[in-house]
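*Asks:*
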Amino acid sequence: MTIIYDTINFAVIAVLFLFFLSYLRIGTLKSFLFTFHIIAIFILNDVLFDSSYWSDQHRYLDLTKSLRKTIISLEGFFSVRDESRIMLPTYIFTFSPIPFINSVRSLAMVNFLIYLLTFFILKKKHISSNATDFFFILYPSLLLYSSLALRDTLIVVLMILSLYFVLIDRKSLHALIVLFPLAIIKIQNFLIIILSYFLYSFLKNGSIRRYLVFLCIGLFVILQGDHFPVINFFFERIDYYRYNLIAENFGYNWDFMANYNYEPFEVGFSMIPLLMKSCLYMLFKPFPWEASNPVQLLQSLENIVIATLIIYLLSTKVKTPIIKEKILFLNIFLFLALTIYGLVTFNFGTAARFRFPFVVVYLVYYMYLIKSDKIISQIYCLR
Numbered sequence: 122m123t124i125i126y127d128t129i130n131f132a133v134i135a136v137l138f139l140f141f142l143s144y145l146r147i148g149t150l151k152s153f154l155f156t157f158h159i160i161a162i163f164i165l166n167d168v169l170f171d172s173s174y175w176s177d178q179h180r181y182l183d184l185t186k187s188l189r190k191t192i193i194s195l196e197g198f199f200s201v202r203d204e205s206r207i208m209l210p211t212y213i214f215t216f217s218p219i220p221f222i223n224s225v226r227s228l229a230m231v232n233f234l235i236y237l238l239t240f241f242i243l244k245k246k247h248i249s250s251n252a253t254d255f256f257f258i259l260y261p262s263l264l265l266y267s268s269l270a271l272r273d274t275l276i277v278v279l280m281i282l283s284l285y286f287v288l289i290d291r292k293s294l295h296a297l298i299v300l301f302p303l304a305i306i307k308i309q310n311f312l313i314i315i316l317s318y319f320l321y322s323f324l325k326n327g328s329i330r331r332y333l334v335f336l337c338i339g340l341f342v343i344l345q346g347d348h349f350p351v352i353n354f355f356f357e358r359i360d361y362y363r364y365n366l367i368a369e370n371f372g373y374n375w376d377f378m379a380n381y382n383y384e385p386f387e388v389g390f391s392m393i394p395l396l397m398k399s400c401l402y403m404l405f406k407p408f409p410w411e412a413s414n415p416v417q418l419l420q421s422l423e424n425i426v427i428a429t430l431i432i433y434l435l436s437t438k439v440k441t442p443i444i445k446e447k448i449l450f451l452n453i454f455l456f457l458a459l460t461i462y463g464l465v466t467f468n469f470g471t472a473a474r475f476r477f478p479f480v481v482v483y484l485v486y487y488m489y490l491i492k493s494d495k496i497i498s499q500i501y502c503l504r
């Protein structure tokens with residue numbers, strides 16, 4: 122019966138997909154490449170990988186099925202409970218236009234629709250360009266996670282929308298409205314965006330005085346932060362989670378951990394190289410020589426390509442002051458994300474999952490800003 126239900130769901134997806142292609146007038150090549158996202162839905166789970174490899178998939182599936190069964194009874198509907206970060210995506214899955222929720226593929230089809238919605242938003246908001254389109258279609262990590270029954274695709278669309286209102290439309294209230302569900306689903310990403318905005322607001326004027334003040338405060342926190350209870354508590358929490366996540370990565374083998382060369386997160390100059398190493402390693406992990414299977418090797422090659430693209434964009438000359446300011450925000454945003462997650466993430470698969478939403482948002486908006494800078498520069502040249 123699952124095959125029959127998936128076939129009916131696929132028919133619905135196919136109709137919506139064809140409407141999407143027609144409405145946006147997507148070209149033949151891009152339309153062809155989009156079909157690989159649909160194919161991935163059917164070949165990833167229980168073909169290339171066991172669906173339990175991403176254990177959260179079955180958690181979302183079970184909750185969504187329960188909600189669908191009780192949808193006719195409000196009392197029964199609200200009796201289905203779990204953590205808020207799990208329930209919010211589950212409600213979205215439940216009220217999706219997919220007729221039958223009977224397998225992880227059903228939820229993967231919902232995520233494919235969310236993925237198409239994200240592409241649609243980029244087009245209608247004029248953020249997209251030819252280069253952005255191909256990146257959005259071909260980025261392997263985005264293809265992977267938008268083809269699974271997880272919440273990550275929803276996280277991506279919320280982050281893209283929130284940064285649109287922060288960077289482009291400059292509507293703080295709209296940004297907060299979008300950030301609210303992101304805070305429920307992924308509080309870490311919400312906090313990184315908020316912290317990025319505060320740092321950006323302080324540094325965007327670009328005066329040497331402000332940069333010196335920021336540098337002095339940073340050095341003071343690094344060298345003397347343990348003398349302040351709030352800062353010390355923050356450092357201790359990071360160190361606690363770092364150590365336990367390493368232990369989890371090695372199966373809580375405490376005999377192994379006793380001899381593990383652990384770098385504690387503590388005040389002092391040793392924190393500076395640790396932060397830099399965490400940031401860079403989070404971007405590249407795993408390195409090719411660390412890959413233990415074909416998937417990790419592909420991840421490593423993907424990371425090298427992404428890093429090359431980032432370096433290319435950073436080396437592109439920007440002439441417009443307002444564009445330079447917005448690029449500053451994106452650089453702060455990516456640096457904080459890579460550093461914070463790099464400090465506490467040691468599993469290669471988890472690192473890829475945490476990293477890709479930030480890479481998507483960063484590159485989509487960076488390419489848009491570069492394009493905008495060229496247009497503005499051409500207009501000034503014509504005057």
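Residue 122 is where the sequence shown starts when you use our numbering, and the numbers rise one by one after that. Virtual Cβ for every residue (Gly too), placed ideally from N, Cα, C. Every value quoted in this text rests on a predicted model; they were computed, and no experiment measured them.
Measure how close the beta-carbons of L395 and E384 come, nearest whole angstrom, since I'm counting them as under 8 Å.
*Replies:* Within the sequence shown, numbered from 1, the residue matching residue 395 stands at position 274. Within the sequence shown, numbered from 1, the residue matching residue 384 stands at position 263. Yes, they are in contact, since the Cβ atoms of L395 and E384 sit about 6 Å apart, within 8 Å.
*Asks:* Determine, using beta carbons only, whether I82 and V439 come nearer to each other than 9 Å.
*Replies:* Because the chain in this structure spans residues 122 to 504, residue 82 falls outside the shown range and cannot be described.
*Asks:* With which residues is F477 paired in a DSSP beta bridge?
*Replies:* Within the sequence shown, numbered from 1, the residue matching residue 477 stands at position 356. According to DSSP, which records beta bridges pairwise, F477 is partnered with nothing at all.
*Asks:* Mind checking G148: buried by the 16 CB within 10 Å criterion, or exposed?
*Replies:* The residue given as residue 148 occupies position 27 in the sequence shown. Classification of G148: exposed, given that the 10 Å Cβ count is below 16.
*Asks:* Kindly indicate which residue of K186, K151, I425 and G463 has the alpha-carbon position closest to the one of I359.
*Replies:* For the purposes of this step, residue 359 is taken as residue 238 along the sequence shown, with counting starting at 1. Per the Cα distances, G463.
*Asks:* Where does N468 sit, in a helix, a strand or coil, going by DSSP?
*Replies:* Taking the sequence shown and counting its residues from 1, the one referred to as residue 468 is at position 347. Residue state, collapsed to three classes: coil.
*Asks:* Hey, out of P350, T471 and S283, whose CA is closest to M403's CA?
*Replies:* Against the sequence shown, residue 403 aligns to sequence position 282. Ranking the options by Cα distance to M403, first place goes to T471.
*Asks:* Looking at C-alpha atoms only, which residue of S143, F479, L169 and S268 is the closest neighbour of I162?
*Replies:* Reading the sequence shown from its first residue, position 41 is the one you call residue 162. With distances taken between Cα atoms, I162 lies closest to S268.
*Asks:* Output the residue ranges of the alpha helix (DSSP H) runs that lie fully inside the region 403-444 and measure 4 residues or longer, sorted by chain position.
*Replies:* 415-436
*Asks:* Give a yes or no on whether 9 Å exceeds the smallest Cβ distance from H158 to chain D.
*Replies:* The structure shown contains no chain D; it holds only a single protein chain.
*Asks:* Please say whether L271 and D177 have beta carbons closer to each other than 9 Å?
*Replies:* Position 56 of the sequence shown holds residue 177. Position 150 of the sequence shown holds residue 271. Yes, the Cβ-Cβ distance between D177 and L271 is below 9 Å.
*Asks:* Give the single residue among S399, L154 and F131 whose Cα lies nearest to the Cα of V465.
*Replies:* On the sequence shown, residue 465 is found 344 positions in, with the first residue counted as 1. Nearest C-alpha to V465: S399.
*Asks:* For P478, count the other beta carbons within 10 Å of its own beta carbon; 16 or more makes it buried, fewer makes it exposed. Which is it?
*Replies:* Here residue 478 refers to the residue found at position 357 of the sequence shown. Burial call: buried.
*Asks:* For L288, I'd like the list of residues in its chain whose CB is within less than 7 Å of its CB, leaving aside the five on either flank, ordered along the chain.
*Replies:* Working through the sequence shown from its first residue, we reach residue 288 at position 167. Taken in chain order, the residues that qualify are K447, F450 and Y486.
*Asks:* May I ask you to verify whether the region 406-418 touches the region 426-446, counting CB pairs closer than 8 Å and requiring at least 3?
*Replies:* Fewer than three beta-carbon pairs drawn from the region 406-418 and the region 426-446 are found closer than 8 Å, and the two stretches are therefore not classed as touching.
*Asks:* Would P220 and I124 be called neighbours here (beta carbons separated by less than 9 Å)?
*Replies:* The residue given as residue 220 occupies position 99 in the sequence shown. The residue given as residue 124 occupies position 3 in the sequence shown. No, these two residues do not count as a Cβ contact at 9 Å.
*Asks:* Quick one: using the 10 Å Cβ neighbour count with 16 as the cut-off for buried, is V480 buried or exposed?
*Replies:* Taking the first residue of the sequence shown as position 1, residue 480 is located at position 359. V480 should be labelled buried.
*Asks:* Thinking just about the alpha-carbon of each residue, which of S262, I500 and L418 is nearest to the one in Y482?
*Replies:* For the purposes of this step, residue 482 is taken as the residue at position 361 of the sequence shown. What sits at residue 482 in the sequence shown is Val, not Tyr. Comparing alpha carbon positions, the residue from S262, I500 and L418 closest to V482 is S262.
*Asks:* May I ask you to report which of helix, strand or coil DSSP gives F286?
*Replies:* The residue you call residue 286 lines up with position 165 of the sequence shown. F286 falls in the helix class under three-state DSSP.
*Asks:* Bridge partners for N223 per DSSP, in chain order?
*Replies:* Position 102 of the sequence shown, counting from 1, holds the residue named residue 223. For N223, which the question treats as bridged, DSSP gives no partner whatsoever.
*Asks:* Going by Cα to Cα distance, which pick from Y332, N166, I444 and R206 is closest to L184?
*Replies:* Counted from its first residue, the sequence shown places residue 184 at position 63. If we check each option's Cα against that of L184, R206 comes out closest.
*Asks:* Quick check on I390: does DSSP put it in helix, strand or coil?
*Replies:* Working through the sequence shown from its first residue, we reach residue 390 at position 269. According to the sequence shown, residue 390 is Phe rather than Ile. When secondary structure is reduced to three states using DSSP, F390 falls in the coil class, being assigned neither helix nor strand.
*Asks:* Pick helix, strand or coil for N326, following the three-state DSSP scheme.
*Replies:* In the sequence shown, the residue the question calls residue 326 occupies position 205. N326 falls in the coil class under three-state DSSP.
*Asks:* Starting from the Cα of M208, find the closest Cα among S187, D290 and I222 and give me that residue.
*Replies:* Taking the sequence shown and counting its residues from 1, the one referred to as residue 208 is at position 87. Ranking the options by Cα distance to M208, first place goes to S187.
*Asks:* From K307 to L243, what distance separates their C-alpha atoms?
*Replies:* Here residue 307 refers to the residue found at position 186 when the sequence shown is read from its first residue. Here residue 243 refers to the residue found at position 122 when the sequence shown is read from its first residue. Near 22 Å, if we compare the C-alpha coordinates of L243 and K307.
*Asks:* Per DSSP, what are the beta-bridge partners of K170 in this structure?
*Replies:* Start at 1 with the first residue of the sequence shown, and residue 170 comes out as number 49. It should be pointed out that residue 170 corresponds to Phe in this sequence rather than to Lys. Answer by DSSP bridge pairing, in chain order: N166.
*Asks:* Taking 9 Å as the threshold (C-beta atoms), are I314 and S283 in contact?
*Replies:* The sequence position of residue 283 within the sequence shown is 162, counting from 1. The sequence position of residue 314 within the sequence shown is 193, counting from 1. Contact: yes.
*Asks:* Taking the C-alpha atoms as reference points, what is the distance between F155 and I258?
*Replies:* Stepping through the sequence shown from its first residue, residue 155 is reached at position 34. Stepping through the sequence shown from its first residue, residue 258 is reached at position 137. Straight-line Cα distance between these residues: approximately 6 Å.
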